[in-house]
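The sequence shown begins at 4 in our numbering and counts up one residue at a time. We treat Cβ as the ideally placed atom computed from N, Cα and C, and that holds for glycine. Okay, structure first, notes after.
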Amino acid sequence: MSSLNRMNIFNLHRFTSKRKFDSLGKIEKQYLNASYKFAYRMSFTEEGHHRRNRSGGNEKRKQVQIFCDAFNGKLGEFAVYQYFLSKGIQLNYPDVNIMGEGEWDSYDFNINGIKIGVKTTKQKGQLLLLETKDWNNKGQYIPNLKKGHGDYDYIILVRIDSNIIEDLKKQKLYYKDNIGKKKLAEIVKKSSYNFDIAGYVDKNMLINAITNKFIIKQDDYLQSESTKMDAENYYIQAGDMYHINSLMKHLLSAK
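Here it is in structure tokens:
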């Protein structure tokens with residue numbers, strides 16, 4: 004695996020192993036709507052609870068920020084669901100139940116005992132980022148260990164062509180706790196929601212990244228001084244990940 008290029012003067016990290024965005028299609032409207040409803044309930048109603056702080060982070064996220072994170076995250080799950088179904092792989096429908104405080108999903112997908120997590124980033128994203136406080140040196144997800152669900156076989160990185168965060172920032176609405184429902188819906192409708200799968204990592208690759216301390220520290224910068232890390236993260240670059248076709252073949256052979 005490749006490490007980022009660190010510019011010591013500014014603690015600025017640059018990509019060294021990229022993978023070009025290659026659209027696999029648009030997220031279907033029914034899945035877009037399901038993701039929107041889920042994120043809205045998690046962020047703006049009394050039903051849901053999303054941590055204002057990332058693990059190890061200082062920034063207290065506003066409700067609009069929480070909506071964007073929940074929305075994009077669920078879109079990533081539906082992108083995998085849509086794509087896998089199109090290739091003949093049966094899998095559980097993404098969980099759109101509202102979790103209470105301190106509750107997390109066990110896995111995003113469990114396909115014949117193969118446990119898969121999904122992470123989502125923007126179209127130009129090149130990193131799988133995992134908050135260091137959430138993962139132990141065995142590659143286990145610490146928040147789920149007490150439930151016996153800390154191990155993932157694979158983690159998939161989805162990239163989505165969504166301008167929602169940029170549009171909200173332009174209108175000075177991103178760092179707010181409230182937003183009109185009509186205004187939010189208007190902004191959500193502007194993006195194309197094309198997606199690709201940058202790649203995936205297995206347990207060994209994850210442990211390798213942890214063991215070799217592939218880490219971006221809190222307050223370091225990524226690509227430019229406009230992107231400051233709120234929390235310390237392990238990282239794996241998109242260009243080092245396995246191509247999704249390999250996982251598809253494995254899942255189809257295991258049916």
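*How many angstroms separate the CA atom of M208 from the CA atom of M244?*
Locating residue 208 in the sequence shown gives position 205, where the first residue counts as 1. Locating residue 244 in the sequence shown gives position 241, where the first residue counts as 1. Each residue's Cα considered, the two are about 9 Å apart.
*For M10, which beta-bridge partners are listed by DSSP?*
If you number the sequence shown from 1, residue 10 lands on position 7. According to DSSP, M10 bridges with L15.
*Kindly identify the DSSP beta-bridge partner or partners of V121.*
Looking up residue 121 in the sequence shown gives position 118. DSSP output for V121 lists I159 as bridge partner(s).
*Compare the C-beta of Y96 against all C-beta atoms of chain D and say whether one is closer than 9 Å.*
Of the protein chains in this structure there is only one, and it is not chain D.
*Once you ignore the five residues that flank A42 on each side, which residues in its own chain have a CB closer than 7 Å to its CB?*
By 1-based counting over the sequence shown, the position of residue 42 is 39. Excluding sequence neighbours, A42 sits near F70, A73, F74 and K77.
*C-alpha gap between G142 and R22, whole angstroms*: Start at 1 with the first residue of the sequence shown, and residue 142 comes out as number 139. Start at 1 with the first residue of the sequence shown, and residue 22 comes out as number 19. If you take the alpha carbons of G142 and R22, they lie about 24 Å apart.
*Going along the chain, which residues of its own chain have a beta-carbon closer than 8 Å to the beta-carbon of Y224, five neighbours each way excluded?*
By 1-based counting over the sequence shown, the position of residue 224 is 221. So the list reads F13, N14, L15, H16, T230, K231 and M232, once near-sequence residues are dropped.
*Would DSSP call K90 helix, strand or coil?*
Taking the first residue of the sequence shown as 1, we reach residue 90 at position 87. The answer is coil: DSSP assigns K90 none of H, G, I, E or B.
*Find out if the Cβ-Cβ distance for the pair G128, R162 is shorter than 9 Å.*
Residue 128 sits at position 125 when you count from the first residue of the sequence shown. Residue 162 sits at position 159 when you count from the first residue of the sequence shown. Going by C-beta atoms, G128 is nearer than 9 Å to R162.
*Can you give the Cα-Cα distance for W164 and S194, rounded to whole angstroms?*
Stepping through the sequence shown from its first residue, residue 164 is reached at position 161. Stepping through the sequence shown from its first residue, residue 194 is reached at position 191. Looking at the sequence itself, residue 164 is Asp, so the reference to Trp does not match. Rounded to the nearest angstrom, the two C-alpha atoms are 7 Å apart.
*Which of helix, strand or coil does DSSP assign to D205?*
The count along the sequence shown starts at 1 and reaches residue 205 at position 202. Looking at D205 - three-state DSSP - the assignment turns out to be strand.
*Within the same chain, show all residues whose beta-carbon is closer than 7 Å to that of L132, passing over the 5 residues directly before and after it, in chain order.*
Start at 1 with the first residue of the sequence shown, and residue 132 comes out as number 129. Contacts found: N236 and Y238.
_So for I247, helix, strand or coil by DSSP?_
The residue given as residue 247 occupies position 244 in the sequence shown. Residue state, collapsed to three classes: helix.
_Whole angstroms are fine: how far does the CA of K216 sit from the CA of N140?_
Taking the sequence shown and counting its residues from 1, the one referred to as residue 140 is at position 137. Taking the sequence shown and counting its residues from 1, the one referred to as residue 216 is at position 213. In a straight line, the C-alpha of N140 is about 10 Å away from that of K216.
*Which same chain residues, not among the five before or five after L176, have their C-beta less than 7 Å away from its C-beta?*
Along the sequence shown, one-based indexing puts residue 176 at 173. Once the five neighbours on either side are set aside, the close Cβ partners of L176 are V67 and I182.
*asked:* One question on the structure: do S6 and T19 come within less than 9 Å of each other, judged by their Cβ atoms?
replied: If you number the sequence shown from 1, residue 6 lands on position 3. If you number the sequence shown from 1, residue 19 lands on position 16. It is a contact, given that the beta carbons lie within the stated cut-off.
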